[in-house]
Structures are given as structure tokens and as C-alpha cells.
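J.: Take a look at this one; I'll ask things after.
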Amino acid sequence: MTRLYRFARNLPAGILMLVTLALPLVVQGGGVPMPDVPKAKRHYSADSECVAPVDEMRKNHMEYILHQRDETMHRGIRTPQFALEECINCHVPENTEVRAGNPEHFCSSCHTYAAVKVDCFQCHADRPVKQTNFHPLTSGRMPHHGSDISNNQESLSEETLLVLTNQGGKEE
Amino acid sequence: MSEKQDNQLSRREFLSGSTAAAGLAVAPGVFLTLTAQAKPAGQPVSSENRWGMLIDSNKCANGCTSCVSACEQENGWGSANPTENKSSPEQKAQWIRKVTLRDKETGHVQSLPLMCQHCEHPPCVDVCPTGASFKRADGIVLVDKHICIGCRYCMMACPYKARSFIHEDLQDQLPHAPRGKGTVESCTLCVHRVDRDSDKAVPACAEACNSEGHRAMVFGDLKDPDSEISRELKNYGGEQIRADLGLNTGIRYRGI
Amino acid sequence: MKPVMHYSEIEGRSTGYYGLLALLGAIIAIALAATYHMEHSGHWVTGMNNQVVWGIPHVFAVFLIVAASGALNVASISSVFGKTAYKPLARLSGLLAIALLVGGLAVLVLDLGRPDRLIVAMTYYNFKSIFAWNIFLYTGFMVIVGVYLWMMMERRMNQYSKQVGMVAFIWRLALTTGTGSIFGFLVARQAYDSALLAPMFIVMSFSFGLAIFLLVLMASYRWTERPLGDAMVQRLKNLLGVFVAGVLYFVIVYHLTNLYSTRLHGVERFFLLEGGIYTQLFWFGQILIGSLVPLFLLYHPRLGKSRTMIGLASVLVILGGLVQMYVILIGGQAYPLVLFPGKEVIEGGFFEGSVATYNPSLWEFLLGIGGLAFALLMVAIAVKVLRFLPNNLDDAHVDHHHGAEKAS
């Protein structure tokens, strides 16, 4: 039965891989323009552009995200390296009006091209959201006392995000 | 301002894990206390803990809905997510709600917040056909929306009406509280806070109640005999709503 | 002379036949459009909400699933209980069982919040969930009845049909128990928490399934101009009467047990006296129109002979059955959860302590009726493609056949 789970779970990934492999054929044959993938905001580390080699990420990002998804959901493991939230934080501009359905969105740029539908963004944020969850020690600034939130958000996000995305073997 | 700085840095510490943290320590006192007990981000939750809450209905102020609005803000539902605007009030999500009761005999009026009771034996988990409704090792009951098919059987089974089905497309969800059309959701006991800050975490509702000065909600580890919640329960007791069902709820009440 | 029962495909070239297909097809198309609307917009366009989470689609779906296992009864009576008079009807019985089940499941699936994730429902199982058991019970039912049909329709396999029929009979009992338990195991809700629901659902399945069977049988024999004798019809209508009375008996026992328990007085008062629409539906829909009037029609010495009246009684049993499902499903959810015994809710943030409202939308009805139409369309096509219907069911054939089987 486990085998069956795995098969079903890997099915979309497998299909995507086939599609990716078939890309050159399509490009040669049909002359569809290559997707214009928006650049990331920063490098993950001095050695690596992304959280894993770029080729690997292009091919297998869904495996990493899927694995992380179950780890986070069921076991409470919240390491940022392969978290979808961090993909979005780095690859999608803040306050952008380019939302998930738009072919200019980082994820959609490729997925539109490869004709692979993702449903991540029916539930997940499709652009960076400034953190509104508070550290307990900052209590006193209440979430429903609106004005304080915005102040705090401003000061938190850029810096925190930077630290978050640079984490994973790298000191600041 | 300097305090804020400190807090941010110590929060970075949790997020970046304890080993890489050392070089970043700026506020040693705060930092050390916290990292000494916090669960590193890469470590799974364990059944050594069971998170729960004790709600004292005598301290819960009639008319105060701070816990509800704090939850809305924290998790991006209700007034905090204006994109859920087509659903009727009966259809809208409601993670936590305030209830005011009157004793039919004595006329005693009391109020209390009601949300997912994080049962040890959750009926919603029993009935879910796909296992999307599940209980974590540390006792928090969640919905894995990735495998939720939206059958709503869990909502039929829940004795507390704690769960909501999303009736329309949503946008602008918060990264730590994904929610979307066609799936079921409920109180997560602010699981993102618990995971990040471990035993120093306080759910948004309890935090709001404290800062309003009511202190009606005590959050903590039911398996740690020294935690405030365990001591309170041991010394003064606490009741479960619908204890007759034998679900052993993680949320306990006093004065009901 | 020893008349042999011959089966044949219906010709299926008449305007009436194509008209029937077109009509059913149109209903299904409308249902699919309604489904698309509901799924595309989200469930906010329906009357279902976070208080009444299952609505009209579930009323239809559960009705069809329950009726499906009941439709198999005619076949079971012939092969399990050795009443060979029913044997000629066994094939249609099996066909109708599969068709109704597929129709009901289609409705259930199309109402899911995420019907696109059906693959998830089939690959992730929580074996403690009655729903998950039911997925196996339903698919198993289709396979077993499929095999049963094969044993009956393939001459070389005839010898095994009794054994397979026995398996199918046990399986359908398990299936209806599972369906009843979807509600019976819900301890949280006062209207559902009863072991009586499972056997009650079984008797309901006998009654609803046979009513649909009778209608399909009479209609197909009239439209194809094949002879259908009174002997057969009378047998079936007497059986239907017994089943309708059986359902009534269970309903009475269910409410009597509840009335004996003080804890449940509130919910009983709601259903029987003060529940507004649910009380009216219970007394007028379920009891009067769905039970008493059909009993009167079926057992009346003169009316009970009339095909029209038997047909009318069957229709009323079906309508009464749908109403009964509505009362159980929707009424059971509308009655508020009792969280604080001895206390009244004077203010609640989420419709606390008050009877929940449910105003079904047109879309939900369209989807539900679409499920029934889909089941009937499958039957209509199947009887044209394969030999389900006996050529002749006149009294001589039925009785002779009966005798012949006995002798052999």
C-alpha cells in the first residue's frame, strides 16, 4: 500500500519530469518562447545561488517542497531551507500585483510554459507577507491594536527574511 | 526600540537553529533562557509534550472578544481576511468564538471562548477518510489541507462545532496559516508559534487575554508536572466540555 | 410443456427510447453544469454552511446508495432464499443495484470540496474511518455484483450463481450497515447517536430499492410491450407493503427508545412537535405520504390490483424515502449541539444553541436529480446492450418457471 501511496504522490512529479525532458523537443518543433523566469532577490550563499544547485531545483523542486510539506505539517519541522514560504520570499517581490495566476509570477512563468497546474496558491500566500506573528516577549503590542502591527512589520521583515534565507550552513 | 531589536535577534536564533545561533547572540540573558528550552527547528515534535489550555470562565469578561480578534489577526480569518466576502455569516470560518451562558436554575451568567478542544481521542480524526484530519505527537489536532478532500465528515463528527469549511476562493492568506476553498480548517493552537518558540510560546488568544489583564487562558504542557497549567489543574481542577464523551480534551475549563 | 425463460436485449430504436435517453442526458448535462457552478464558485452558492454541512446532494446520494443495496434484494431472494419465482428478475435487480450505487457515489463525489483530489481519497486511507470502509464496501459491491451478473448471464457459470449470490447478499448487508453507521457512529449529535440506525437503514434499503425496481420493471415492460403478468407484480407489491411497514416499525421503535431517555427529550420534541419544517416533513412527508398512503394503496383490495396505483404507491415510497433522508440528515444537523446541559446560550458567536438554518439551493437539487438520471441512463443503455430483461413475464411463464425450477 505504501508503494501505491508513493506512486500516486510521485505521479505529478513524474509527469512534470517527462514534460521537462520533452521541453527541448517542443522548443525545436513549435518555437514556443522560453519562459522569462524572474530573478531571485539574493543568493542563498556565496557558493550556491539557490537552496540546492539550480539545475537540481529546476528539475526536483517539487520533491523538496513535498517532503518539507509533510515534515512541517505532521512533525512540526520548520527548517527554512526548502520551505515554500522562503521560495516565495526570495523569488516574488513584496507587494507585487503579479499574483499566482499571472504568467509573470515566478512559479507560473515556468508552470504555464510546461502546462503543469499547481494548486499551492489556493491556500498558500503567493507573495511575501510581512510577519505578523509576535514573539511572546513582545506581548503588549497586541495584534488587534492595529497601529503597532504596521510599525513592527516594517522593522521586522527585510532583516528577518534576509537572515532566514541566508540560513543553512552560512553565518551572516 | 532597543528591546525590540533584542527580541528580533533572539527570534532569529530560533529560526536559524541553535548551532548557528552562537555568533549572533546580542542579548545574552534573553537568548540563553530561550534557547536552553526551545525545540530546534529541525527536530520533530514529540509525545513528551501535550499542549493544552486552561480557561477560567470566571475570569473571562462578558463582552470582551479580544481572544477572537487576536486569533483573526494572527491567522488571517474573519475581519483579517476581507477576501472571504461572498459567504454568508453561517458559511464563514470561525476558529474561535465567545459564548455567553445562563444557568437555567440559578440564573448565573458566564462567558467563555470555544474552539477546537484538541482531544486526545478526536472524533474528527477517527472519521476522516484520508487521514487529513490528524493529531500531532504533541497533541495538537490539525487538518492537512493537502490531502483534505472536503467531505466535511469531520464537521459532522465534531461535538464542539469547532471546524469550518471554506466556501469560496481566498487570497492573501498568511504564510503560516494557509487556508483555501474546499477544505476544512480549525484552531491550530497557534502551532506555528509552538513550533518556533516551544514552551515559551503562547497562542494569540491567550496572549491577548493576558494583555487585556484578564488572564483567563493559561497555555502550557499538560505532560510537564511543573508547568503552570499542570499545577493549576492539579491544585484547583478543571472540567472538560462534554466530558461524557470521554475524549480527554486538551482544552480545560474552570467554572462551567 | 416446460417454458424456458428467454432473455433478450431490447430493440431500442424507437423514438420513445431515444427520447428517454435524450431526456436523461439533458438532466445529467444540467446537473453537470450545476456542479461546475458550485465547484467553480465554491460552496457559498449552495444553502450548505458551517452549521448544516451536508445538504440536498447528500440526501440524494445516501438515498441512492441505500436504494442500490435494496435493489439487489430481488436477486437475493431468488438465489439466497431459493424463491425461484424471482429468478427471472435477478439480472435486472443486479444491474439496477450497480447503477443506483454509481449514481449515488457520483453525487457524493461531485459535492466534495475538492473533487479534483479523488486520487487522494483512493490512495490515502484512514482505516478507522467508516467512510474509508465504505469506499471498500462500495467498490467491492460493484465488483461482486458484477461477477454475480456474469455468473447468471453466462450459461457455463450458472452453477456458481447461488454461491456468489450469497456473497453479494452478505456484502450488501454490510454495505447498508456501513452507510447507516456513517450517522449511527456520530456520538456528538443527538439525532444520530443510535445503533438502531444501521438496521433501520437496511429495512429502508429493502423498501426504497424495491419501489425503484418495481417502477423500472413496469415501465420497461410497458414501453417494450413485453408481457408482464399480474402474478409477478402482485408478488412484488405485497413484498413492498411488508417492507414499508417494516420501515414504519423501525421509525416507531427509534423514536420510542429516544422518548424513554430524558437526555433525548429535546431532540424528540424537535422532530415530533416543534421542529417547524422538519416536524411537518416528518408527519406529512415521511409518515403520511411515504408510509401510510402507500400501505393503504398496496393493501386495498381493489386499488391494490391496479398497476397505476401500485406505481403511484412506489413513487410515494420513493418521495417519502427522500423526505425521510432529509429529516434524518438535515434535521439531525439543524438541531443544536448540546454542549452545556442545564444552561442556555444567551449569546453565541457562531449561531450557538439555536436551530441551524438551511435553505437548499436549486444547484443542489439539480445535482441530486442528476445522480438519479445517471443511474437510470445506465440501466436504459445496459438493457439495450446486454440480455437483462426476460422476454416474457406473463403468469404462465412465471408460474411454470417457478414449478420447473423447483422440480429440477
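Going down the list, the sequences are from chains W, V and C. Residues in the first sequence are numbered from 3 upward in steps of one, following our numbering. Residues in the second sequence are numbered from 39 upward in steps of one, following our numbering. Residues in the third sequence are numbered from 191 upward in steps of one, following our numbering. Cβ coordinates follow ideal geometry from the N, Cα and C atoms, glycine included. All values reported here derive from a predicted model rather than from experimental measurement.
(1) Glu229/C lies in the alpha helix (DSSP H); which residues open and close that run?
(2) Could you tell me whether any Cβ in chain V is nearer than 9 Å to the Cβ of Val234/C?
(3) So if I threshold CB-CB distances at 7 Å, which residues from the region 32-45 of chain W count as touching chain V?
(4) In angstroms, rounded to a whole number, what distance separates the CA positions of Thr74/W and Ala79/V?
(5) What residue range is occupied by the uninterrupted alpha helix (DSSP H) comprising Thr81/W?
(6) Taking only three categories from DSSP, how would you classify Ala524/C?
(7) For the region 291-343 of chain C, list the alpha helix (DSSP H) runs that are entirely contained and at least 4 residues long, ordered along the chain.
(8) Quick check: the Cα distance between Phe440/C and Met390/C, rounded to an integer number of angstroms?
(9) Is DSSP giving Asn581/C helix, strand or coil here?
(10) Note down, in chain order, all residues in the region 443-469 of chain C with a beta-carbon under 7 Å from any beta-carbon belonging to chain V.
(11) When you compare only the Cα positions, how much space is there between Leu290/C and Gln211/V?
(12) Under the assumption that Val110/W contacts Pro40/W (Cβ atoms under 8 Å), give the Cβ distance between them as a whole number of angstroms.
(13) Figure out for me which residue from Val423/C, Leu376/C, Ala388/C and Ile392/C has the closest Cα to the Cα of Phe403/C.
(14) Run through DSSP, which three-state label would Ala586/C get?
(15) If Met408/C and Leu400/C are in contact, beta carbons under 8 Å, what's the gap, nearest whole angstrom?
(16) For Asp182/V, which of helix, strand or coil comes out of DSSP?
(17) In the DSSP assignment, the alpha helix (DSSP H) including Phe257/V goes from what residue to what residue?
(18) By alpha-carbon positions, which one of Gly510/C, Ala503/C and Pro526/C ends up nearest to Phe541/C?
(19) Below 7 Å on C-beta distance, what does Lys183/V contact in chain W?
(20) Per DSSP, Tyr468/C forms a beta bridge with which residues?
(21) Looking at the C-beta of Gln209/V, does it have a partner C-beta in chain W at a distance below 9 Å?
(22) Look up Ala281/V in the DSSP assignment and say whether it is helix, strand or coil.
(23) Could you tell me the alpha carbon to alpha carbon distance between Gly465/C and Leu471/C, rounded to whole angstroms?
(24) For Val34/W, which of Tyr115/W, Phe123/W, Asp121/W and Val131/W has the nearest alpha-carbon?
(25) Does Thr498/C have its Cβ less than 9 Å from a Cβ in chain V?
(26) Answer yes or no: does any C-beta atom of chain V fall closer than 9 Å to that of Asp584/C?
(27) By the 9 Å beta-carbon criterion, what residues does the region 250-265 of chain V contribute toward chain W?
(28) In chain V, which residues lie with their C-beta within 8 Å of the C-beta of Glu537/C?
(29) So what's Ile204/V in DSSP terms, helix, strand or just coil?
(30) Assuming Met342/C and Ala280/C are in contact, meaning their beta carbons sit under 8 Å apart, how far apart are those beta carbons, in whole angstroms?
(31) To which residues does DSSP link Leu152/V through a beta bridge?
(32) Look up Phe172/V in the DSSP assignment and say whether it is helix, strand or coil.
(33) Contact check, Ala200/V vs Ser224/V under 8 Å by CB: the rounded distance?
(34) Determine contact between the region 360-368 of chain C and the region 327-347 of chain C, defined as no fewer than three beta-carbon pairs at a distance below 8 Å.
(35) Taking just the CA atoms, how far does Met238/C sit from Pro127/V?
(36) What are the boundary residues of the beta strand (DSSP E) that includes Thr90/V?
T.: Let me spell this out:
(1) Per DSSP, Glu229/C is one residue of the alpha helix (DSSP H) stretching across Thr205 to Ser231.
(2) Contrary to the premise, residue 234/C reads as Trp rather than Val in this sequence. At least one chain V Cβ lies under 9 Å of Trp234/C.
(3) Within the region 32-45 of chain W, not one residue has a Cβ closer than 7 Å to any Cβ of chain V.
(4) 10 Å
(5) Premise fails: Thr81/W is in no alpha helix (DSSP H) and is neither H nor E.
(6) helix
(7) 308-313 and 320-343
(8) Computed Cα separation, rounded: 6 Å.
(9) coil
(10) none
(11) 41 Å
(12) Checking the sequence, you will find Ser at residue 110/W rather than Val. Going by Cβ atoms, the distance from Ser110/W to Pro40/W rounds to 10 Å, so no, they are not a contact pair.
(13) Val423/C
(14) helix
(15) Between Met408/C and Leu400/C, the beta carbon gap of about 12 Å keeps them out of contact (Cβ cut-off 8 Å).
(16) coil
(17) In the DSSP assignment, Phe257/V falls outside any alpha helix (DSSP H) and lies within the beta strand (DSSP E) extending over Met255 to Asp259.
(18) Pro526/C
(19) Under the 7 Å cutoff, chain W gives Cys125.
(20) DSSP lists no partner for Tyr468/C.
(21) Judged by the 9 Å Cβ criterion, Gln209/V is in contact with chain W.
(22) Note: Ala281/V maps to helix in three-state DSSP.
(23) 10 Å
(24) With distances taken between CA atoms, Val34/W lies nearest to Tyr115/W out of Tyr115/W, Phe123/W, Asp121/W and Val131/W.
(25) no
(26) no
(27) The region 250-265 of chain V vs chain W, Cβ under 9 Å: Glu250.
(28) Lys136, Val137, Thr138 and Ser149
(29) coil
(30) Separation of the CB atoms of Met342/C and Ala280/C is rounded to 6 Å, and the pair is thereby assigned contact status at 8 Å.
(31) Arg135/V
(32) strand
(33) 5 Å
(34) In short, these stretches touch, since the Cβ pair count reaches three.
(35) 12 Å
(36) According to the sequence provided, residue 90/V is Gly. The question's Thr does not apply to it. Here the beta strand (DSSP E) through Gly90/V covers Trp89 to Asp94.
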